[in-house]
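Asker: For the record, the sequence lines run as chains G and R. Note that the numbering used here has the first sequence beginning at 241, numbered continuously upward. Note that the numbering used here has the second sequence beginning at 241, numbered continuously upward. By construction, the Cβ of each residue, glycine as well, lies at the ideal position given by its N, Cα and C atoms. Here it is, the structure, as structure tokens.
Protein chains: 2
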Amino acid sequence: MDSQFLKKLGLKATLPRIKILEILESAGTARHMSAEDVYKALLEHGEDVGLATVYRVLTQFEQAGILTRHHFEGGQSVFEMDEGKHHDHILCTRCGRVDEFLDPTIEERQKAIADKFGYSMTDHSLYIYGICKECRKTEKA
Amino acid sequence: MDSQFLKKLGLKATLPRIKILEILESAGTARHMSAEDVYKALLEHGEDVGLATVYRVLTQFEQAGILTRHHFEGGQSVFEMDEGKHHDHILCTRCGRVDEFLDPTIEERQKAIADKFGYSMTDHSLYIYGICKECRKTEKA
DNA sequence: AACAACAATGCAAAAGATTATCATTTGTTT
DNA sequence: AAACAAATGATAATCTTTTGCATTGTTGTT
Ligand SMILES: [Mn+2]
Ligand SMILES: [Mn+2]
Ligand SMILES: [Zn+2]
Ligand SMILES: [Zn+2]
């Protein structure tokens, strides 16, 4: 039960939090969701949760370390459940497709650069933008 | 004269554009400026330019390819004059310090990843966040 | 140098995303 | 079940950026 999971995080097991957790866990392919996305998904499931609450809960989940916030190009923050392993993103600016990758060489180099400049690295963000294979196909017309 | 430069870009040589160009060219250390930063700098120089115009002109300069827009963590876009060579950024989340670097290995790997996933890469953004040496010193107290 | 044509500007309003306020409801503990 | 604190929802507020529109400025032409 998600209630137990929430309590372990020190969060009250409220209905909105349980529902948002369900949405995020069952997101499948559309793992990267904006607050608005989550809000709409809730409405579709017939759940009556305010948008302000969605924002609040997402921020709490982020602080609790169970999800990550990303700043993809163009406005809103997007969130995704943490599946333990860090990864970066490559996305199609045409159709919005998102793929995930982890490149040990890049990770390593980042650390080396931080050291070289005298920074203690706390975080990093890497986004690759491009046009996916599908979109290039469609566009050939 | 900046007027000629602007005309070559197909932009009318208006006072706001000339002044904004001057600000950006002479920014020195504070090369990474938000629209608000540019606006304040103009006011300090006694120039009476509207904030809306600053936003418009910065966007035009970006489209003309003479400056680059970045999305650092936390809010506003920042702009910097293009000095020809692409580079990435490492920044201190404590004091706002920004350093620039270019790592051929990382650039190479990014391209390889795009290929592997079938994307034709159009752009990428890499930010490393951390605490700079100075800030770590101050904080030891 | 004055003119017409059209682009650019400034102000204020609008928009979009996120956060804050506060009365009311809910979860948890007793 | 009662009591207390925490969480919610509706709405207002904030912050950044964009837009609308009347006015002004720039440029090529008389
Ligand atoms: Mn991801
Ligand atoms: Mn730079
Ligand atoms: Zn695509
Ligand atoms: Zn610092």
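Can you find the residues in the same chain that come closer than 6 Å, C-beta to C-beta, to R:R337, ignoring five residues on each side of it along the sequence?
Answerer: As a working mapping, residue 337 of chain R is identified with position 97 in the second sequence. Correct list, in chain order: C372.
Asker: Inspect the beta-carbon positions of G:Y295 and R:G370 and report whether they are closer than 8 Å.
Answerer: On the first sequence, position 55 is the one that residue 295 of chain G refers to. On the second sequence, position 130 is the one that residue 370 of chain R refers to. Contact: no.
Asker: Compare the Cα-Cα distances from G:E262 to each of G:G290, G:V278, G:R376, G:E313 and report the closest residue.
Answerer: Your numbering for residue 262 of chain G matches position 22 in the first sequence. The shortest Cα separation from G:E262 among G:G290, G:V278, G:R376, G:E313 belongs to G:V278.
Asker: Nearest by alpha-carbon distance to R:F319: which of R:K356, R:A275, R:E379, R:C375 is it?
Answerer: Along the second sequence, one-based indexing puts residue 319 of chain R at 79. Considering only alpha carbons, the answer is R:A275.
Asker: When you compare only the Cα positions, how much space is there between G:D328 and R:L298?
Answerer: Counting from 1 along the first sequence, the entry for residue 328 of chain G is found at position 88. Counting from 1 along the second sequence, the entry for residue 298 of chain R is found at position 58. Going by the C-alpha atoms only, they are around 29 Å apart.
Asker: Is there a Cβ from chain G that is less than 8 Å from the Cβ of R:Q303?
Answerer: Counted from its first residue, the second sequence places residue 303 of chain R at position 63. R:Q303 does not count as touching chain G.
Asker: Using DSSP's beta-bridge definition, name the partner residues of R:Y367.
Answerer: Counted from its first residue, the second sequence places residue 367 of chain R at position 127. According to DSSP, R:Y367 bridges with G:S365, R:H329.
Asker: Using alpha carbons as the reference points, say which of R:D343, R:F357, R:G315 lies closest to G:C332.
Answerer: In the first sequence, counting from the first residue as 1, residue 332 of chain G sits at position 92. Checking every option, the nearest Cα to that of G:C332 belongs to R:F357.
Asker: Spatial neighbours of R:A281 within its chain, please: CB distance less than 6 Å, with the 5 preceding and 5 following residues excluded, ordered by chain position.
Answerer: The residue given as residue 281 of chain R occupies position 41 in the second sequence. Hits under 6 Å: I263.
Asker: Do R:T308 and R:P256 have their C-beta atoms within less than 8 Å of each other?
Answerer: Numbered from its first residue, the second sequence carries residue 308 of chain R at position 68. Numbered from its first residue, the second sequence carries residue 256 of chain R at position 16. The answer is no: Cβ separation not under 8 Å.
Asker: Can you say whether G:L246 is buried or exposed, counting buried as having 16 or more other CB atoms within 10 angstroms of its CB?
Answerer: Within the first sequence, numbered from 1, the residue matching residue 246 of chain G stands at position 6. Buried, since its Cβ has 16 or more Cβ neighbours within 10 Å.
Asker: Kindly say whether G:K366, judged by its beta-carbon, lies nearer than 8 Å to any beta-carbon of chain R.
Answerer: Position 126 of the first sequence holds residue 366 of chain G. In the sequence as presented, Lys is not what sits at residue 366 of chain G; that position holds Leu. Output row for G:L366: interface = yes.
Asker: For R:R334, which option in R:S243, R:E379, R:A304, R:K351 has the closest C-alpha, if you only look at C-alpha atoms?
Answerer: Indexing the second sequence from 1 puts residue 334 of chain R at position 94. The option with the nearest alpha carbon to R:R334 is R:E379.
Asker: Among the residues of its own chain, which have a CB less than 7 Å from the CB of G:A253, if the five just before and after it don't count?
Answerer: The count along the first sequence starts at 1 and reaches residue 253 of chain G at position 13. Result list for G:A253: S243, L246, K247, in chain order.
Asker: Please output, in chain order, the residues near ligand 2 using a CB cut-off of less than 5 Å to any non-hydrogen atom of the ligand.
Answerer: Result: R:E320, R:E340.
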